[in-house]
Structures are given as C-alpha cells and as structure tokens.
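A short worksheet on the structure shown next.
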Amino acid sequence: MAVSRRRFVTSVLAGSALATASTTTELLTTLASPAHAASPPGDVVGKVTVGYQGWFSAPGDGAPIGGWWHWGRDRFQPPSPANTTIVSWPDVREYTRTYPTAYPNLGNGQPATLFSSYDQQTVDTHFRWMQENGCDTAALQRFNPMGDEGPTRDAMTQKVRSAAERYNRKFYIMYDVTDWLTFQSEIKTDWTTKMAAHTASSAYARQNGKPVVCIWGFGFSEPSRPFTPGPCLEVINWFKAQGCYVIGGVPTWWRQGIEDSRPGFLDVYHAFHAISPWMVYRARTVEELDSYYNNVNIGDMADCAARGIDYLPCVMPGDLAGGHRKHGDFYWRHIYNMVRLGSQGLYVSMFDEYNEGNQIAKTSETQATTPAGANIRALDEDGVACSADYYLRITADGGRMLKGQLALTSVRPTPPMVGGGVPTIG
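Read left to right, the sequence shown gives residues -37 to -1, 1 to 389 (mature numbering (1 follows the signal peptide of the UniProt record, and there is no 0)).
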C-alpha cells in the first residue's frame, strides 16, 4: 500500500543553501528580464490546480483492492484510534453513503462514519466543491499501478473523468514514482495502454495545446526514490516525444541539489516544461514561509524564467494536526507569496489528504463532529470557529487574486465563518 509519501522534513533554510543563494536584488533583476516568455494561460498556467488522491475505500464499496484502503494501517480491520492512517476527520454531511468504523461515536453522539472515494457520488461531490470554489484542475495521483492497487486506480481515473466532465473541471494524471523501481519501462506501458486514452476527454487538461502529465519524485534523496538521472531524463523526453506537456514535482531544494534533492539532477529538472517544488512539512509558520520566499522561491522563479520553464509552486493550508494553520493566515500567506512572485499557476497540496492533515476539502468543524477521545483536531483547534468549507473558500479567493480579479493583498479577505469577521494571528 502506498503511504503518505512526502514526509521528508528538511532543515528550515539550511545554512549551506543560504550560503549559495544570490541576493534578493540580483534575483529580482533576473526576474524582470526573462530569457523566454512564460506559457500563455491554459489549463494549468493561470489556473489553480489541486492534488487529488482519491485513494480511500471501504468494505462493500466494490473497490477491487478491498478493505479500508488508506483509512487504516491494516486495511482489513476497521479503522479506529489504534488502526488509523489519518490525522484529520472529514465532514461527511454531503455524502449519500458512508461506512461505519470502529472509532468512538462523535462528540455529538452520532456514529463515526467515513466515505469511500470509490463511490461516484463522493467524487462528484468533490468536483462540485471544486467548481464552487474556483479549483480549475485536479491532478489525479497515480502511484505504481502494476500491483494490487492498479485495478482500483484504473477505475478511479474513470470516476474522476466522469466527475470532471460533469462539473466542467479539468484533470490530468500525476505519476508518483515512490517505490516504483521499474518505472522506466512500466510508466510508458501504463500511459500508452491505459492513461493516454483519457486525453480524448474534453475534461483532460491541456497546456500549450498538449495533454498534461506530471511526474512526481525524480531527484528526491529518500531511499524510496533511489533513481539516477539517466532513466529519469529518458522518461521525461519520452513523454515530450508523445506530445505531452510535462510537469515535474521536484524537491524543495532542486536548484541547489542539497537537502531533499540528490546532486546531479539539474539537467533532469530543467528538462520539464514546468516545475512544481514540494513544500509540505517544510514550513510551519508564516515567518518560515517568508524565509522560503526570499531565499528559495525568488531564485527558483528566476532560474525557471531564464529557461522558459513555467513555475507552478506548491501552496498548502498547513498541517492541521501540527497546529500550523493559524485559522487560515498560514495558507493565505503562502498563496500571497506565490502570487506576488509572479508564479504561472498554483498547485494546492492537497485536496483530500486527510492522512497528512493538509487537506482543503471539507473537514470537521468542532469536536462535536469528531470521534470522541480520538485525539483528532478539528478546524477550531486554535479557538477560532471555522466552517467546514473554509479552506475551499480561501482557495477561491486565492484563485481570484492569481487571476487579477482580486487585488494583491497580504491581508486574508476570507472570513472563517460565512458572514463573519476576519481575525488575524494574535
């Protein structure tokens, strides 16, 4: 079973990286004089993309993989406080079908139930939320499909396609090569025999007239991605030869080749049409986001601009379980920084990642709708009441700011409760 695969925490702004960084003034000068024009608006440039897992199942939902996929460490036992992979609890009020668990009842006394991504109504609900909140495109995560997960992931692609067509959203395939040691040949087979057919859909994302595909994981330094540059570069060029617009989900420190990035991969990174550096678990405070902006993001943007590479940075709401969200101020600051930088688009990490606690999908508002005694934080964890859809609404406002429909502002315009005020960090 693939697990939440991106928990590699780098030291915040490592001294070795800062020692090699150019000054902010020099980098801003570079940004002002790009060697190549950025791509025109399409389905990822100028748009808000959300990472979509779609990887939850429950007994009785018909998923080939069976069991409680991604809800419990042992998927063949009901999820409970002792058998769990999640750190946040979903708001399930809009799902027509949920499944009983072994968690204690909610604080309000109701049974603790969970949804299945395999139910089409679940996927439809998620894509309706995307439509209502300015999420233009969904990047469907696709881990190694050659094992027992394959049939379920194949079916999820069709479900996502149907929902995207129904709600006028775009989607594309985002391969994650974590633990996929034989990816070089198998990713091509998977694309040509299965996934490429979905590009015929009116909902399949295109950029510069090309179908979009993303590969996440090249160059990361963890043992689960022990790849050398040659096979990675060959696969990127193969997809480009198929006529695809290829995005790279790359390490935070890709440009310097340190910390979470292996050295010697710069030619691999520069082969992508677009770069999206990973940021989950890298920053915990607004101040750390600003440090990354000044010492990492500005230089990344300059490097991409000089080479005609689109910069599609990750933005994140923050880890709810870690208390990073600051009732939306953390998320807004991240969006603001990436918009003022001039990023070509935004990649939200993630839509439905209840496992890592950085989901924007509807989430339990209070302990009344969270399993009693399960040590799971609700959205009001810092004392500020937030609606279940709060982070979706922030995403909508962030998208408007990206598109110039809302003036650039560092002050979060989104109230935690509809019709409420806008508290700031105390």
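Just so it is clear, CB atoms sit at the ideal spot from N, CA and C, and this is done for glycine as well.
From what residue to what residue does the alpha helix (DSSP H) around residue i run?
i, result
"Gln83", "83 to 95"
"Leu371", "Taken as a continuous stretch (DSSP letters only), Leu371 belongs to no alpha helix (DSSP H), as it is neither H nor E."
"Met119", "113 to 129"
"Phe146", "146 to 156"
"Asp360", "353 to 365"
With which residues is residue i paired in a DSSP beta bridge?
i, result
"Gly262", "Paired residues: none, contrary to the question."
"Phe134", "Ala101, Tyr167"
"Gly14", "Ala102"
"Ser43", "Asn46"
"Val278", "Val311"
"Leu304", "Per DSSP, none; premise fails for Leu304."
"Leu69", "Pro334"
"Tyr62", "Leu77"
"Asp37", "In the DSSP output, where bridge partners are listed per residue, Asp37 has none listed."
"Pro53", "Thr326"
"residue 398", "Residue 398 cannot be examined here, being either before or after the span of the chain that is shown, -37 to 389."
"Asp273", "Ala237"
If you drop the 5 nearest sequence neighbours on each side, which residues of the same chain put their C-beta closer than 7 Å to that of residue i?
i, result
"Asp111", "Ile28"
"residue 391", "Since the first residue shown for the chain is -37 and the last is 389, residue 391 is missing from the structure and cannot be characterised."
"Asp343", "Glu328, Thr329, Cys349"
"Lys157", "Asp117"
"Ala166", "Arg124, Ala127, Glu128, Arg132, Lys133, Phe134"
"Tyr58", "Phe78, Gln84, Thr85, Thr88"
"Lys122", "Gln83, Val86"
In chain order, what residues of the same chain lie with their CB nearer than 6 Å to the CB of residue i, ignoring the 5 residues before and after it?
i, result
"Val374", "none"
"Pro41", "Thr64, Ala65"
"Arg38", "Gly30, Trp31, Trp32"
"Gly362", "Val11, Gly97"
"His236", "Tyr208, Val209"
"Lys366", "none"
"Val140", "Phe146, Gly180"
"Cys195", "Phe181, Val231"
"Thr377", "Arg356, Ile357, Asp360"
"Leu283", "Ser51, Gly320, Arg340"
Determine the burial state of residue i: buried for a count of at least 16 other Cβ atoms within 10 Å of its Cβ, exposed for fewer.
i, result
"Thr145", "exposed"
"Arg303", "exposed"
"Gly211", "buried"
"Ser224", "buried"
"Ser51", "buried"
"Met380", "exposed"
"Asn131", "exposed"
"Asp6", "buried"
"Glu222", "buried"
"Ala370", "exposed"
"Thr316", "Contrary to the premise, residue 316 reads as Glu rather than Thr in this sequence. Buried."
"Asp230", "exposed"
"Gln307", "buried"
"Asn107", "buried"
"residue 392", "Nothing about residue 392 can be reported from this structure: the residues present for the chain run from -37 to 389 only."
"Ser312", "buried"
"Pro114", "exposed"
"Gly9", "buried"
"Gln16", "buried"
"Ser20", "buried"
"Gln170", "buried"
"Asn318", "buried"
"Thr155", "exposed"
"Thr372", "exposed"
Got a sec, what are the start and stop residues for the beta strand (DSSP E) residue i sits in?
i, result
"Leu309", "309 to 311"
Is the Cβ of residue i closer than 8 Å to any Cβ of chain C?
i, result
"Thr100", "Among the protein chains of the structure shown there is no chain C, as only one such chain exists."
Spatial neighbours of residue i within its chain, please: CB distance less than 8 Å, with the 5 preceding and 5 following residues excluded, ordered by chain position.
i, result
"Ser(-5)", "Bear in mind that the predicted position of Ser(-5) carries a pLDDT of just 37, short of 50, making it unreliable; the figure below should be weighed with that in mind. No residues qualify anywhere along the chain."
"Asp345", "Gly286, Arg288, Lys289, His290"
"Ile238", "Ile210, Gly211, Val213, Trp217, Tyr232, Asp263, Cys267, Ile272, Asp273, Tyr274, Leu275"
"Phe314", "Val13, Gly14, Tyr15, Gln16, His89, Met93, Cys98, Ala101, Gln322, Ile323, Ala324"
Entirely enclosed alpha helix (DSSP H) segments - the stretch 172 to 260, minimum 4 residues:
Fully enclosed alpha helix (DSSP H) runs of 4 or longer: 192 to 204, 229 to 233, 249 to 255.
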